[in-house]
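Protein chains in written order, with the UniProt record's numbering: chain V, 1 to 356; chain U, 1 to 276; chain B, 1 to 294. Beta carbons are placed, not taken as given, at the ideal position from N, Cα and C, and that holds for glycine.
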Amino acid sequence: MAIASAGFRELRLDGMSRNFGAHNALKEISLTVQRGEFIALLGPSGCGKSTALNCLAGLLSLSDGAIWLDEKRIDTLKPEERGFGMVFQNYALFPHMSVRRNVGFGLQMSGVPKAEIERRVDEALNVVRLTSQGAKLPGQLSGGQQQRVAIARAIAVEPPLVLMDEPLSNLDAKLRLEMRAEIRRIHRLLGSATIYVTHDQDEALSLADRIVVLRDGEVRQIGTPQDLYRRPLHADVAEFMGFRNAIQGRLVRREGEEVEVDCGFAGAIRGQAVDVAGDRVVVAIRPADLVPMADGPIHAEVTGLEYRGEGYYGTATEPGGAELYFRTDAPLGVGAAVQLGAPAERTLVYAAGGVG
Amino acid sequence: MESALERLWRTLVWAFVIFFVVNVLAMIATVVINSFGTRWLSSWLPAAFTLRWYASAWKEFQLGDVLLVTFQIAGAVVLLSALIGVPAAYALARRDFPGKPLVIVLFLLPLLVPPITFGIPLATVLYKVGLAGTMWGVIVANLVPTVPFTVILMIPFIEQIDPKVEAAARVFGAGTGRLFIHVLVPLLVPGILAATLLAMVRTVSMFELTFLTAGPSSQTLVVALYYSVFAAGVRAGQSIDAMAVIYMLSTLIWLIVALRFVNPTQIVARVKKAAV
Amino acid sequence: MSTSSRPRRRTLADRGIDGVTLLVLPAALFVVLLFVYPFVYGLLLSFAPKEGGWLGNYTKFFSDPYMYGTIWLTLRLALPVTLLNIALSVPVAMQVRHMRRQRLLTTILVLPITLGTVLVAEGLLNYLGPQGWLNRTLILFGLIDRPIRLVHNYWGVFISLVITGFPFTFLLTLSMISGIDPALEQAAATLGARARSRFRHIVLPLIVPGLAVTFCLAFVDAFSVFPSAVMLGAPAGETRVISFAAAQAAFEQYDYSYASAIAMIMAVVQFGFVGLVLAGRGLFYTGPAGGGKG
Numbered sequence: 001m002a003i004a005s006a007g008f009r010e011l012r013l014d015g016m017s018r019n020f021g022a023h024n025a026l027k028e029i030s031l032t033v034q035r036g037e038f039i040a041l042l043g044p045s046g047c048g049k050s051t052a053l054n055c056l057a058g059l060l061s062l063s064d065g066a067i068w069l070d071e072k073r074i075d076t077l078k079p080e081e082r083g084f085g086m087v088f089q090n091y092a093l094f095p096h097m098s099v100r101r102n103v104g105f106g107l108q109m110s111g112v113p114k115a116e117i118e119r120r121v122d123e124a125l126n127v128v129r130l131t132s133q134g135a136k137l138p139g140q141l142s143g144g145q146q147q148r149v150a151i152a153r154a155i156a157v158e159p160p161l162v163l164m165d166e167p168l169s170n171l172d173a174k175l176r177l178e179m180r181a182e183i184r185r186i187h188r189l190l191g192s193a194t195i196y197v198t199h200d201q202d203e204a205l206s207l208a209d210r211i212v213v214l215r216d217g218e219v220r221q222i223g224t225p226q227d228l229y230r231r232p233l234h235a236d237v238a239e240f241m242g243f244r245n246a247i248q249g250r251l252v253r254r255e256g257e258e259v260e261v262d263c264g265f266a267g268a269i270r271g272q273a274v275d276v277a278g279d280r281v282v283v284a285i286r287p288a289d290l291v292p293m294a295d296g297p298i299h300a301e302v303t304g305l306e307y308r309g310e311g312y313y314g315t316a317t318e319p320g321g322a323e324l325y326f327r328t329d330a331p332l333g334v335g336a337a338v339q340l341g342a343p344a345e346r347t348l349v350y351a352a353g354g355v356g
Numbered sequence: 001m002e003s004a005l006e007r008l009w010r011t012l013v014w015a016f017v018i019f020f021v022v023n024v025l026a027m028i029a030t031v032v033i034n035s036f037g038t039r040w041l042s043s044w045l046p047a048a049f050t051l052r053w054y055a056s057a058w059k060e061f062q063l064g065d066v067l068l069v070t071f072q073i074a075g076a077v078v079l080l081s082a083l084i085g086v087p088a089a090y091a092l093a094r095r096d097f098p099g100k101p102l103v104i105v106l107f108l109l110p111l112l113v114p115p116i117t118f119g120i121p122l123a124t125v126l127y128k129v130g131l132a133g134t135m136w137g138v139i140v141a142n143l144v145p146t147v148p149f150t151v152i153l154m155i156p157f158i159e160q161i162d163p164k165v166e167a168a169a170r171v172f173g174a175g176t177g178r179l180f181i182h183v184l185v186p187l188l189v190p191g192i193l194a195a196t197l198l199a200m201v202r203t204v205s206m207f208e209l210t211f212l213t214a215g216p217s218s219q220t221l222v223v224a225l226y227y228s229v230f231a232a233g234v235r236a237g238q239s240i241d242a243m244a245v246i247y248m249l250s251t252l253i254w255l256i257v258a259l260r261f262v263n264p265t266q267i268v269a270r271v272k273k274a275a276v
Numbered sequence: 001m002s003t004s005s006r007p008r009r010r011t012l013a014d015r016g017i018d019g020v021t022l023l024v025l026p027a028a029l030f031v032v033l034l035f036v037y038p039f040v041y042g043l044l045l046s047f048a049p050k051e052g053g054w055l056g057n058y059t060k061f062f063s064d065p066y067m068y069g070t071i072w073l074t075l076r077l078a079l080p081v082t083l084l085n086i087a088l089s090v091p092v093a094m095q096v097r098h099m100r101r102q103r104l105l106t107t108i109l110v111l112p113i114t115l116g117t118v119l120v121a122e123g124l125l126n127y128l129g130p131q132g133w134l135n136r137t138l139i140l141f142g143l144i145d146r147p148i149r150l151v152h153n154y155w156g157v158f159i160s161l162v163i164t165g166f167p168f169t170f171l172l173t174l175s176m177i178s179g180i181d182p183a184l185e186q187a188a189a190t191l192g193a194r195a196r197s198r199f200r201h202i203v204l205p206l207i208v209p210g211l212a213v214t215f216c217l218a219f220v221d222a223f224s225v226f227p228s229a230v231m232l233g234a235p236a237g238e239t240r241v242i243s244f245a246a247a248q249a250a251f252e253q254y255d256y257s258y259a260s261a262i263a264m265i266m267a268v269v270q271f272g273f274v275g276l277v278l279a280g281r282g283l284f285y286t287g288p289a290g291g292g293k294g
């Protein structure tokens, strides 16, 4: 493969901050990205992930901090001097240029000879499997094809780092899965470090080597997809990662990581302490892990049920009035009493009061 | 090196903008100051200030009558162009019918062809049927650009209203008439206001068409201003400027009100967007 | 009766014509009656001269240098002014689009358009005159020794056309440039394009079609310059524009046939230039200037 990423050892964000007036959109983000790594910036909208990407691209200047590419400080450079590839959310294809000219634009700007441009455009189109569409205008392509052109344009300049800003958010569900696989394939093929912004946990889990969870402009957790899925470090991250049940309670027993929590149910809930300070805690359980069991400590009443193929997912109210989300293999009638419980190793316990 | 050049370029561009704006404002200020000045010959400012030019302009140019005529004409033009234009805009916004592009072109032409070009044949026709020289002649002539202007301006306003709102009103039993009165008109008020105010500004400041079709008793302010400048020397420049100030006020009031509903770029850009 | 009318009604409805569609009729009829008909009437009238054959008016116009010269005198004003206004509008719009208090500037600029040519001409008569502020300022700064003559000649009209024309072309250009998705330029920047290349490769190609339309509108406007040419210019001499010649024929000689012929000649010149420009425009991309489908 002739297209390959120009190398760097590491990209270092050192206390990267950005304010908009009095609003701190990014608060001292620090992160080191290794060569060839795929990093996902994950968070709800407004968490600062797009701001972070724009700062990396040079489209926004930093309010404080620095960005280093090996020994070179790059946050003072203009976007055109950084040489990164970027894929925009709405693709930002040049509507008046053919696909080939779009893809070759970066090479043209850096003064690459014509014949060389042609050769590398061919290769980039080959990588994204669009060789037959080169003469068309972007407006004549489907959404998925435009997405491929945007990727080809970003990789044609062989950038050390590719930035992607929610590239799949404009596609329909089926195409999204397809393009996700494509992005993974292209990343493996080229090996360029990639920073990928998304609000979709599935996307982040399936694509990234490491995930950076952002909230209110701050890094909440950095870890592998497995870390994040199994063991979110904070209650808010857990909630974002799909732990929909958050039950308030009081810590009654603690033995290392093993804890028991009294939530006012028939029995205490046993779980793993992740981030516990006082005795006011919150218990986090995924709906898929909260199932009916004979000795389940939570006595609740089913309020709704929906069929999802691999099982039923339902809602129930516990005596305290809070709503719970659970999974069951056998259908249950609305109004039926149910005893729910979850395996202790999948029940995570955090300090109550949100941010800890 | 590059950024120094860029900075120089930026400075040059802004210097031009400031130069232009200063000149426009100074030009307007000259008129206003002159209208209040006693004698202004070879100095930066007049020797003293007075209000008497306004009194003399009012008398000499019969400004009372002229203003009355101006606003009668503008009022009639605005009312008629809304009555004729809004329903047409509604039809064009809501229905697709064969020949629609042609109809749109029909409405664009009077906006794109300058008034003096179609004004001469129009005046000829109006003279032939005896309307020219009368107030109705001036009104009809001014309607030629304002009706299409209202239509073109209103189409996007109407398109913004979700047709489902109308469908809902119909489902709940509103007939076409009540639909218009209870649902559409209230929703369209900002658009109609914007369109009529801009039509007002256009009519008050429309020189060519009024000039070509007006008689002595149907002159609007802008035409009276033109004639007084044309025949300058007979009258004091200051009283002409007093009239110019009154004219300015009579257009700017409507502009300022209109700017609450549309932004300045739209005033010229709407028509162009339709034309592209 | 009812059996024969029913299928016809259905086909009308199928083609989208119903009661609502008919609302367009009054306005359309109005324009046909008062715009199209007078134009056609004027065209026919121009071929029925007071004296001479059916082409009499046109041979009269084109055999009299005092008359056909007006075309050249008008073009000499309208073309440079329009090109200058557009050349000024593009760089200014490029700078202003990111400005925060844009609305203040656009409001000031919409003033000359609103006030119209008559008032601008009256204001410039004072302002540009030998004792006006402009000459005084230039003398004060030692740029000139004695007042330069800027009224009752070519330059007076030229300046008035810049003052009313520049805001018009500027506001159109600004709305076009603001319509370009900022992500396009950002994308170009991340691909290594510097400011000048971004303008040349991205912004300019996207606004050229719009600029062509702007040119047409501004040119047609400048070509029909009338009050300022009379008030600020030398209507018997170097700014004897074609619209003045037409108005003279109509209101001083009461020869409506000849006046209509001159108006038609005016229209032909205008449409000729518009046609040329729009034909050239066809060579460029004219679709939406968004970044993609989403």
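Which residue or residues does DSSP assign as beta-bridge partners of residue i?
i        : result
V:Leu93  : Its beta-bridge partners do not exist; DSSP assigns none.
B:Asn126 : Looking at the DSSP assignment, B:Asn126 forms no beta bridge with any residue, so it has no partner.
V:Gly326 : A small correction: the amino acid at residue 326 of chain V is Phe; Gly does not occupy that position in the sequence shown. V:Gly314.
V:Glu218 : V:Arg215
V:Gly341 : V:Val291
V:Ala284 : V:Ala246, V:Leu348
Could you check what DSSP says for residue i in three-state terms: helix, strand or coil?
i        : result
V:Val259 : strand
V:Gly356 : Since pLDDT at V:Gly356 reaches only 38, below the 50 mark, its modelled position is unreliable, and the value read off the structure follows with that caveat. If DSSP states are grouped into helix, strand and coil, V:Gly356 belongs with coil.
V:His234 : coil
U:Arg170 : helix
V:Leu41  : strand
V:Trp68  : strand
B:Lys50  : coil
B:Gln131 : coil
V:Val197 : strand
What's the gap between the Cα of residue i and the Cα of residue j?
i        : j        : result
U:Val163 : V:Ser30  : It should be noted that the sequence gives Pro, not Val, for residue 163 of chain U. Roughly 51 Å separates the two Cα atoms.
V:Leu62  : V:Gly7   : 25 Å
U:Val105 : V:Tyr91  : 35 Å
U:Phe16  : B:Leu77  : 21 Å
U:Leu255 : U:Leu197 : 7 Å
B:Asp64  : B:Phe215 : 30 Å
B:Leu172 : B:Ala195 : 22 Å
V:Arg253 : V:Ile285 : 19 Å
U:Pro101 : U:Pro114 : 21 Å
V:Met293 : V:Asp279 : 27 Å
V:Glu182 : V:Ala173 : 14 Å
B:Trp72  : B:Leu191 : 48 Å
U:Val245 : U:Val31  : 7 Å
Can you give the beta carbon distance from residue i to residue j, rounded, assuming they're within the 8 Å contact cut?
i        : j        : result
B:Thr74  : B:Val203 : Wrong, their Cβ atoms sit about 32 Å apart, outside the cutoff.
V:Ala152 : V:Leu130 : 7 Å
Which word fits residue i, buried or exposed, when buried means at least 16 other C-beta atoms lie within 10 angstroms of its C-beta?
i        : result
U:Lys128 : exposed
V:Lys49  : buried
B:Met99  : exposed
B:Gly42  : buried
B:Trp133 : buried
U:Pro110 : buried
U:Trp40  : buried
U:Trp53  : buried
V:Thr347 : buried
Using Cβ-Cβ distances below 8 Å, what residues of the segment 169-202 of chain B are close to chain D? Among the chains of the structure shown, chain D does not appear; the protein chains present are V, U and B.
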